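If you read the sequences in order, they're chains A, B, C and D. Throughout the first sequence, residue numbering follows the UniProt record's numbering, covering 1 to 223 in sequence. Throughout the second sequence, residue numbering follows the UniProt record's numbering, covering 1 to 223 in sequence. Throughout the third sequence, residue numbering follows the UniProt record's numbering, covering 1 to 331 in sequence. Throughout the fourth sequence, residue numbering follows the UniProt record's numbering, covering 1 to 331 in sequence. Data block below; observations after.
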Amino acid sequence: MSSPSTQGSDLEFVVRTIARTAVDNEQQFGDLDAVAGDGDFGYSLARGFEIVLADWDTFDRATPSDFLKRVAMVISKRVGGTSGPLWGTAFLRAAAAVKDQPDWAALNGRDAVAMLRAAAEGIKARGRSDIGDKTLLDALIPMTDAVEQRLGEGGDGGAAEAADVARVAATSARAAADATTPMQAMRGRQSYTGERSIGSPDPGAVAVAVMAERIADTWDARD
Amino acid sequence: MSSPSTQGSDLEFVVRTIARTAVDNEQQFGDLDAVAGDGDFGYSLARGFEIVLADWDTFDRATPSDFLKRVAMVISKRVGGTSGPLWGTAFLRAAAAVKDQPDWAALNGRDAVAMLRAAAEGIKARGRSDIGDKTLLDALIPMTDAVEQRLGEGGDGGAAEAADVARVAATSARAAADATTPMQAMRGRQSYTGERSIGSPDPGAVAVAVMAERIADTWDARD
Amino acid sequence: MKKFVNDPKDFVAEMLEGLALANPDTLRYVPEYNLIMRADAPQEAKVSIVQGSGSGHEPAHVMSVGKGMLDAACPGDVFAAPPADFVYETVKRVASPKGVLLLVNNYTGDRMAFEMAEELAQADGIEARTLFIDDDVSVEDSTYTVGRRGVAGNFFVMKAVGAAAERGADLDEVHRIGTKVNSVARTMGMALTACTPPAKGSPLFELPADEVEMGVGIHGEPGRRREKLRQAKDMVKDLVTAVVEDLPFASGDRVALMVNGLGGTPIGELYLVYGLAHKQLADLGIQVHRSYVGEYCTSLDMAGVSVTLVRLDDELIDLFGAPAEIPIRVF
Amino acid sequence: MKKFVNDPKDFVAEMLEGLALANPDTLRYVPEYNLIMRADAPQEAKVSIVQGSGSGHEPAHVMSVGKGMLDAACPGDVFAAPPADFVYETVKRVASPKGVLLLVNNYTGDRMAFEMAEELAQADGIEARTLFIDDDVSVEDSTYTVGRRGVAGNFFVMKAVGAAAERGADLDEVHRIGTKVNSVARTMGMALTACTPPAKGSPLFELPADEVEMGVGIHGEPGRRREKLRQAKDMVKDLVTAVVEDLPFASGDRVALMVNGLGGTPIGELYLVYGLAHKQLADLGIQVHRSYVGEYCTSLDMAGVSVTLVRLDDELIDLFGAPAEIPIRVF
Ligand SMILES: Nc1ncnc2c1ncn2[C@@H]1O[C@H](COP(=O)(O)OP(=O)(O)O)[C@@H](O)[C@H]1O
Ligand SMILES: Nc1ncnc2c1ncn2[C@@H]1O[C@H](COP(=O)(O)OP(=O)(O)O)[C@@H](O)[C@H]1O
Ligand SMILES: [Mg+2]
Ligand SMILES: [Mg+2]
Ligand SMILES: [Mg+2]
Ligand SMILES: [Mg+2]
């Protein structure tokens, strides 16, 4: 297993933080979904990531791709509703994006962007959705764009740069999630409510922002 | 058809007054039944006696017995619930009690008592009930007793005596109906409520009292 | 009141019209007498079976008319026994040379209407016999009432006598079988909510959000007690215990188990209740041989269930398994 | 919340356990995957039919497993599509050499779960094909949604493909028939009350005492409009009109007419609605050939109805009339 200071460990840290955020925010995410949806978003996510955490030590970690595939399998297996297939697909596509990179230590910022892009493409394909439909894509894609731009600006590639990239991701995801408030839902259960979906942020987009914020906030304390 | 001043006409007057009272008091009788029963007593009685009044002129009047039998048939035919069979039986037995008296003009006070007794016996048999069960029998039987006693005391047999008998019937029926308030229902839908039936008068007994009072009140104005 | 209803006075007539329109080949509707009968009744070679009661208990009994079950049903208004004359007219129309069996749930109004009709029919030379059904265990002290009430157990009586009649049993035999079923059938029900009769327009009684009526009657009559809402397993346990102890049912008995919805309880909940009841019986060594889960004898829109047990023997197993063709079907 | 429920998280599992206990000879329950299947599936000579969806719509679909209908059903939690893996495991268990047809109501979560399962099964060499059902006419502007929803019309698809599969039709043929039924089936529903998911414990939406939701979805999604409660005949007229005008159905058409209760509406009211709908169709020259009155696809305890019309031809009349043996029976 990879040592705490490798890039591989950063990936594990990110996934574990996503999982913990989902479990800790079950109530909040559910309440957000109750405004215009059917209130089950927090429940669905929490049930899946709970198992990810419980099975954490058992996952195959031969390569980063193997590891992400295990996470994807748990989510696909145990989460129903709309979120199960979407998040499961996202992790599966992220796994595919780094399947040629067997070395945990060699994963870099470009790989991170590739995984995020692949996840977004997977969600689009699975959900027949795109940016502008008021879904988690409206946080995920702007966040990925911002991260890519920040990496393009260059840096020392050291710990300070990585922490700064995480902060850029969190800030852009939050702004993008906030920007879903005036949108009308075009996909998911929310879309049947038509104009009643306007005026509250998309639960999935908010979840992405909360996860990115927690990653940024705890980046320097990761082990 | 009998002339307005015969005994036969008195019988018609009594029956018509009973019918009119039932129709006019649908709401009150229903409300009384709603206290511990199922609220349909007023509705049931009114539907039956409405038809008695509508068909009034078509009834066979060859003998008093034929006439009462027609009334009984209408009630049996059109009234459901518990009241239909009970009141239908009452009129049918009253008809049987005077079947040997074909002459409307010859009907007298003794015939009246015989009809009331027969009606009460019919209700007892049909309803498997008796005095003390908190039913209309608890007004009907004391009233019949009072009428019989008053007739035993004798009189001139003229108009004044008849009016006085009607008043005795009304007074005794009302007192008896009032006396059902502290009783517990042993028959009918009310009986399942057990002690909840204590504290309100029996709807059927009150109906008998209201009918007797209206007969007494309008006796001198009968046509 | 939130109901699919036009003028409440027309509720029963419009329901029966719909039933007849949905079953044009097999049923005949006689509006003057609220009467639903088999289009092919009476059958010369078969005892005819008639049941009536107040309306509001559907599918009992108008939707149980058909080959293998009832030859006719004559409902009254909602929760009111039919006029005796309706029963009499019904009996006349399905009178068979082999006789007519009248099934009646044991309520004052119904008893009287059917007894009168029986007398009238006999006076016409029709061989008619009445059978009273009183499977409800919840009325404990019957000295204050006309005795126990007939509730969902009536389904088993109908099914057994219907099957026997279809096979040509005579009136004595059909009556014997019906009496036997009634003697081994026991039911208890409970309500989560009151029901709303269309003509009344408001609930028949008040039941607070955290209370249930244990032993409720199918017209909303009170039963054993009002108590706090509890988990399904605790409430079902009490229902099953009351039913089991009444006959009593004992280890080794084979039974039919019915979980009957009272009208407002969805079938998913009924199956949940069924599972609980089945396991409780298994723990007592009572073997469920045949199961019935759904709506059989309802109380309008009341949320609630009743549990019925019938002790089986080979004769009853055979009769309960016989075919029937009635409006209540799903495909 | 007044329901027969223990821990709400166990609601679906306990319901399925009851279903299995009530049908020990014909059904098998696999708790790990919420799976109900025919005890004798797969049949080598027959295409297997699978349907899944959220729970809370019973008798759809778990109580429609049996000869002539479904080989298996894999429900999710209440109103939530099953995990893709549950569907995949179900498909594996009923995989037949003749293939597997997956029936799915058109909702985002369900579509995705079934598409993923189809891919996984095909990767295993199982011939699996998915068919989407979208009979609900109430979603008018589908540019804002994933398109029309699948509701009670799914019953007719199940029945037709189940009958065809039973007769040995191959996967292409079964798929063709299912697609055809979906193309001539139209439904619209309305709610008098909201429903209460067990885990939520309170109604899913607020509906004032004098308002109804026209075009409601079976998960309580809003439809065309919220409007005042009116007499049954006026509300039914609007439902039937919306359904008729959508296909459109025309004078001379033979149809199947289904009046489906949404869970809290008693069958007496359903027959009243049926009569109104039947007469309205007759006035339009549309002939009801086969009728369905009862609960087919519910929304927990919601009071309400849906009306489904299916345009018939000789092929469908034959398939709809075929025998079936499923848990929903009355005797
Ligand atoms: N078709 C879709 N494509 C992408 N994301 C979607 C889609 N449908 C829903 N979502 C996302 O999923 C979230 C809701 O998830 P969840 O509550 O599990 O689904 P459901 O709508 O089936 O109840 C939404 O807030 C949105 O972000
Ligand atoms: N068995 C009986 N014998 C005599 N009278 C009865 C009997 N049962 C009920 N009654 C009378 O009928 C009245 C109620 O009539 P009704 O409301 O039509 O009957 P139900 O109880 O069936 O609703 C009672 O107030 C009582 O006077
Ligand atoms: Mg949701
Ligand atoms: Mg009454
Ligand atoms: Mg009554
Ligand atoms: Mg959902």
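Yeah, the Cβ is synthetic: ideal placement off N, Cα and C, and Gly gets one too. These numbers come from a predicted model, not from an experiment.
Please return the same chain residues whose Cβ sits closer than 8 Å to the Cβ of A:ALA114, not counting the five positions on each side in sequence.
Cβ within range, chain order: ALA97 and VAL98.
Collapsed DSSP secondary structure at residue 338 of chain C in the structure displayed:
As displayed, chain C neither begins before 1 nor continues past 331, which places residue 338 of chain C out of reach and without an answer.
Can you pull every residue whose C-beta falls closer than 5 Å to some heavy atom of ligand 4, listed in chain order?
For ligand 4, the selected residues are B:ASP33, B:GLY37, B:ASP38, B:ASP40 and B:PHE41.
Between C:MET112 and chain B, is the shortest Cβ-Cβ distance under 9 Å, so that the two count as touching?
With 9 Å as the cut-off, C:MET112 counts as an interface residue toward chain B.
Status (buried if at least 16 other CB within 10 Å, exposed otherwise) for C:GLU17:
Counting the other Cβ atoms within 10 Å of the Cβ of C:GLU17 gives 16 or more, which makes it buried.
Grouping DSSP H, G and I as helix and E and B as strand, with all else coil, what is C:VAL137?
Of the three classes helix, strand and coil, the one that applies to C:VAL137 here is coil, per DSSP.
Residue closest to D:PRO197, alpha-carbon to alpha-carbon, out of D:GLY263, D:LEU70, D:VAL330 and D:ALA84:
Ranking the options by Cα distance to D:PRO197, first place goes to D:GLY263.
Counting along the chain, where does the alpha helix (DSSP H) carrying D:HIS61 start and finish?
Neither: D:HIS61 is in no alpha helix (DSSP H) and is coded neither H nor E.
Considering only the alpha carbon of each residue, which of D:ALA232, D:THR187, D:LEU276 and D:VAL181 lies closest to D:SER306?
When each option's Cα is compared against that of D:SER306, the closest is D:THR187.
Check whether the segment 173 to 180 of chain C touches the segment 276 to 288 of chain C, taking contact to mean three or more Cβ pairs, one atom from each stretch, closer than 8 Å.
Fewer than three Cβ pairs drawn from the segment 173 to 180 of chain C and the segment 276 to 288 of chain C lie within less than 8 Å of each other, which leaves the two stretches out of contact.
Would you check whether ligand 1 has a heavy atom nearer than 8 Å to the C-beta of A:GLY48?
No.
Would you list the one or two residues that DSSP bridges to C:THR130?
Per the DSSP secondary-structure output, C:THR130 pairs in a beta bridge with C:LEU102.
Rounding to the nearest angstrom, what Cα-Cα distance links B:PHE91 and B:VAL71 in this structure?
In this model, B:PHE91 and B:VAL71 are separated by some 7 Å (Cα to Cα).
Can you say whether C:GLU14 is buried or exposed, counting buried as having 16 or more other CB atoms within 10 angstroms of its CB?
Classified as buried, C:GLU14 has 16 or more neighbouring CB atoms from the shown chains inside 10 Å of its CB.
Would you say D:SER291 touches ligand 3, meaning its beta carbon is less than 8 Å from a heavy atom?
D:SER291: no, Cβ never under 8 Å from ligand 3.
For D:ALA324, which residues in the same chain have their Cβ closer than 6 Å to its Cβ, ignoring the five residues on either side in sequence?
Excluding residues up to 5 positions away in sequence, GLY68 and MET69 lie with their Cβ nearer than 6 Å to the Cβ of D:ALA324 in the same chain.
Where do the ends of the beta strand (DSSP E) carrying D:GLY304 lie?
Residues 304 to 311.
Starting from D:PRO75, trace the beta strand (DSSP E) in both directions and tell me its first and last residue.
Here the beta strand (DSSP E) through D:PRO75 covers 72 to 78.
So, using beta-carbon positions, are C:GLY86 and C:LEU102 closer together than 9 Å?
Per the sequence presented here, residue 86 of chain C reads as Phe, with Gly not at that position. For the pair C:PHE86 and C:LEU102, the CB atoms are not nearer than the 9 Å cut-off.
Give the interface partners of B:GLY204 over in chain C, defined as CB-CB distance under 7 Å, in chain order.
Taking the beta carbon of B:GLY204 as reference, no residue of chain C falls within 7 Å; the closest one sits roughly 12 Å away.
Can you give the Cα-Cα distance for C:ILE328 and D:TYR296, rounded to whole angstroms?
Just so you know, the alpha carbons of C:ILE328 and D:TYR296 end up roughly 13 Å apart.
Checking contacts by CB at 9 Å: is residue 224 of chain B closer than that to chain C?
Nothing in the structure corresponds to residue 224 of chain B, since chain B is present only between 1 and 223.
Do you know offhand how far B:ASP100's Cα is from B:GLY157's?
Taking the straight line from one Cα to the other gives about 22 Å.
For the segment 108 to 132 of chain C, which residues have a beta carbon sitting closer than 7 Å to at least one beta carbon of chain B?
For chain B, the residues of the segment 108 to 132 of chain C that bring a beta carbon within less than 7 Å of one of its beta carbons are THR108, GLY109, MET112, ALA113 and MET116, in chain order.
Rounded straight-line distance, which links the Cα of A:ALA19 to that of A:PRO4:
Confidence at A:PRO4 is low in this model, with a pLDDT of 35, below 50, so its placement is unreliable and the value that follows should be read with caution. Cα to Cα, A:PRO4 sits roughly 19 Å from A:ALA19.
Excluding the five sequence neighbours on either side, which residues of its own chain have a C-beta within less than 6 Å of the C-beta of B:PRO102, listed in chain order?
The residues are THR63.
Skipping 5 residues on each side, what residues in its chain have a beta carbon closer than 8 Å to that of A:ARG110?
These residues qualify, in order along the chain: LEU151.
Give the residues from the segment 14 to 26 of chain D that approach chain C closer than 7 Å (Cβ to any Cβ), ordered along the chain.
Cβ contacts with chain C: GLU14, MET15, GLU17, GLY18, LEU19, LEU21 and ALA22.
Verify the CB distance criterion: does C:PHE320 have a CB-CB separation below 9 Å to chain D?
True, the Cβ-Cβ gap to chain D drops below 9 Å.
When the Cα of D:GLU127 is compared with those of D:ALA20, D:LYS46 and D:MET1, which residue comes out closest?
Nearest of D:ALA20, D:LYS46 and D:MET1 to D:GLU127, Cα basis: D:LYS46.
What whole-angstrom Cβ distance do D:VAL243 and D:VAL137 have, given they're in contact under 8 Å?
Between D:VAL137 and D:VAL243 the Cβ distance is about 6 Å, and since that is below 8 Å, they are a contact.
Bounding residues of the beta strand (DSSP E) (the contiguous stretch that carries D:LYS228)
Secondary structure note for D:LYS228: its beta strand (DSSP E) is the uninterrupted segment 225 to 228.
Using 8 Å as the cut-off, classify the Cβ of B:GLN28 as near or not near the heavy atoms of ligand 2, replying yes or no.
No, Cβ of B:GLN28 sits at least 8 Å from all heavy atoms of ligand 2.
Going by CA-CA distance only, name the one from D:GLU118, D:CYS195, D:ALA165 and D:ASN106 that's closest to D:LYS98.
Closest in alpha carbon position to D:LYS98, among D:GLU118, D:CYS195, D:ALA165 and D:ASN106, is D:ALA165.
Would A:GLN7 count as contacting chain D if we go by Cβ distances under 9 Å?
For A:GLN7, the predicted structure reports a pLDDT of 42, less than 50, and the residue's modelled location is therefore unreliable. The matter cannot be settled from this model.
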